[in-house]
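**Student:** I'd like to ask you about the structure that follows.
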Amino acid sequence: MANKTSDVLIIGGGVIGTATAYYLSRRKIRVVLLEKGELAGGTSGACDGLIFLQSKKSGLHLQMALKSQQLYQELAEQLPRSIHYQNKGGLVVMETEQDFKALQASVHTQQANGLEVDILDSRDLLAMEPHLSPKLLGASFSPLDSQVNPIAAAQALALGAQALGATILAGTEALDITRTSQGIDTVRTRQDRFQASIVVLAAGVQTPAIARMLGLEPPITPRRGQILVTESLPPLLGRCLLSARYLHAKYQTENGAGNQGGGVSMEQSESGNLLLGSTREFAGMNRRTTLSGLQTIARAAAGIIPALRDVQVIRSFAGLRPYTPDGFPILGRVPECPGLILAAGHEGDGIALAPITGRLIAELIADGVPSIPLDAFSYERFH
Ligand SMILES: Cc1cc2nc3c(=O)[nH]c(=O)nc-3n(C[C@H](O)[C@H](O)[C@H](O)COP(=O)(O)OP(=O)(O)OC[C@H]3O[C@@H](n4cnc5c(N)ncnc54)[C@H](O)[C@@H]3O)c2cc1C
């Protein structure tokens, strides 16, 4: 068993771990990233790719998302492989009067917080998206909402990091992690022992299992989301879309009756397939799809684009969102465990927030202080 050293060791090769590896490598910091399976083999490979600004809470959450969207534009130019970034704009559609009132209030707050967003009535909405149901009452629209292919993004970030000197080890599981009073001692894999002055834990829903080896309990719980994929279709939807009910379910914390969340998210990929998502369920580590979950999504989607009733569904899958009790990620150092940085718990926002997360963690390590304060995302807020 060989001893290997680096400045920083990252555990987890999803979008968060690979973005962190990329931004650290840009700062000329020596990085090793361990991924137990394939890159993006966890939640980052079982999700939508929406960079949706309208779904973020006003304040720090929105500020981070705005910055992250700008970083995606740069990454689309900088990275050695396409991330299929498309700045299409996004709609939150309203089906009821209640949706209308709630959305109107949130649009005003988001405008005051610097987001370019407006309300469209049903006529303007149909002029923009003619395949939507005429029963919809309208939508809010932001030209900044965008879309990316999350698997391509994680792979391109890893390739970009590698080109700058990082070592990316897929198929390499961190099996054991030990500490001393000064810091992390060793991370052991089947083949080797790794030592680094800083370990970044970016293992998504598996973060608590690893943190427990260090005596820590980050409250990250898997929240399942199921997705349907249609056959490739002619253009039906030009923009990214969420229903107002979907947004409501995102911020509901209880495991309600039926356990399905409600509402729908939609995006049409470059190849013409529509991704229709997604439930919000607390079902442990179970990544299976269910007939009732898929039916709920299909029904909600056909209510928004009636032509979907007759299309073929070619695939379904489920992923596990790393949920925290307040809906925000856990980012930064953990005072009781020197040498450890947590970067996990992004729930349904990990794709949108990956670049800013990677950049802030790199700033924390390289400069000591990140350009956006991370206090609101601290581990201690739960303890
Ligand atoms: C249905 C669904 C739809 C979504 N839609 C969106 C969306 O439109 N926009 C958005 O912003 N977000 C969305 N999300 C959320 C987003 O997918 C997640 O927040 C994000 O993928 C989390 O990334 P991560 O890198 O933290 O975790 P992961 O992608 O799970 O990466 C963690 C990695 O750590 C590895 N790992 C675990 N343990 C070890 C170990 N011991 N050693 C080495 N490696 C280990 C895992 O194999 C895994 O690859 C969605 C999620 C779901 C489920």
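Under our numbering, the very last position in the sequence shown is 425; numbers go up by exactly one each time. Think of the CB as a built atom: it goes at the ideal place given N, C-alpha and C, for glycine as much as any other residue. Just so we're clear, the structure is a prediction, and the values are computed from it rather than from any experiment.
DSSP three-state label for residue 27, please.
**Tutor:** Because the chain spans 43 through 425 in this model, residue 27 falls outside it and cannot be assessed.
**Student:** List the endpoints of the continuous beta strand (DSSP E) containing residue 142.
**Tutor:** That residue, residue 142, is in no beta strand (DSSP E); its alpha helix (DSSP H) goes 139-154.
**Student:** Just verifying my parser: in three-state terms, what is the DSSP assignment at residue 47?
**Tutor:** Strand.
**Student:** Do you know offhand how far residue 178's Cα is from residue 343's?
**Tutor:** Residue 178 and residue 343: Cα-Cα distance of roughly 12 angstroms.
**Student:** Check this for me: beta carbons of residue 385 and residue 102, under 8 angstroms apart or not?
**Tutor:** Contact: no.
**Student:** Where does residue 189 sit, in a helix, a strand or coil, going by DSSP?
**Tutor:** It is a strand residue.
**Student:** Please find out if some non-hydrogen atom of ligand 1 comes closer than 7 angstroms to the beta-carbon of residue 366.
**Tutor:** No, ligand 1 has no heavy atom inside 7 angstroms of this Cβ.
**Student:** Looking at the unbroken alpha helix (DSSP H) that takes in residue 170, where does it start and where does it end?
**Tutor:** Run containing residue 170: 164-170, per the alpha helix (DSSP H) assignment.
**Student:** For the beta strand (DSSP E) containing residue 356, list its first residue and its last residue.
**Tutor:** Segment 355-365, the beta strand (DSSP E) holding residue 356.
**Student:** Can you find at least 3 beta carbon pairs, one from the segment 194-201 and one from the segment 116-124, that sit closer than 8 angstroms?
**Tutor:** Cβ pair count under 8 angstroms is three or more, so yes.
**Student:** Pick helix, strand or coil for residue 444, following the three-state DSSP scheme.
**Tutor:** What is shown of the chain runs 43 to 425, which leaves residue 444 out entirely.
**Student:** Would you mind giving the Cβ-Cβ distance between residue 319 and residue 269, rounded to the nearest angstrom? I have them listed as a contact below 8 angstroms.
**Tutor:** With a Cβ gap of about 4 angstroms, residue 319 and residue 269 count as contacting.
**Student:** Among residues of its own chain, excluding the 5 on either side of residue 71, which ones have a beta-carbon nearer than 7 angstroms to its beta-carbon?
**Tutor:** Once the five neighbours on either side are set aside, the close Cβ partners of residue 71 are 49, 50, 407, 408.
**Student:** Threshold first: 3 residues or longer. Then list the beta strand (DSSP E) segments lying entirely within the segment 305-336, N to C.
**Tutor:** Those beta strand (DSSP E) runs which fall completely within the segment 305-336 and span 3+ residues are 307-310, 315-319.
**Student:** Since residue 214 and residue 77 should fall inside the 8 angstroms C-beta cutoff, what is the C-beta to C-beta distance between them, to a whole number of angstroms?
**Tutor:** Right, their Cβ atoms sit about 7 angstroms apart.
**Student:** Please work out which residues of its chain come closer than 6 angstroms, Cβ to Cβ, to residue 141, disregarding the five sequence neighbours upstream and downstream, and give them in chain order.
**Tutor:** Excluding sequence neighbours, residue 141 sits near 286.
**Student:** Quick check on the burial criterion: 16 or more other C-beta atoms within 10 angstroms. Buried or exposed for residue 98?
**Tutor:** Classification of residue 98: buried, given that the 10 Å Cβ count is 16 or more.
**Student:** Does the beta-carbon distance from residue 110 to residue 397 come in below 8 angstroms?
**Tutor:** Yes. Within cutoff.
**Student:** Tell me whether residue 292 counts as near ligand 1, meaning its Cβ is closer than 7 angstroms to at least one heavy atom of that ligand.
**Tutor:** Outside the cutoff, so no.
**Student:** Can you give me the C-alpha to C-alpha distance between residue 138 and residue 66, rounded to a whole angstrom?
**Tutor:** Using only the alpha carbons, I get a separation of about 46 angstroms.
**Student:** CA-CA distance, residue 228 and residue 238?
**Tutor:** Going by the C-alpha atoms only, they are around 8 angstroms apart.
**Student:** Find out if the Cβ-Cβ distance for the pair residue 273, residue 354 is shorter than 8 angstroms.
**Tutor:** For residue 273 and residue 354, yes; Cβs fall inside 8 angstroms.
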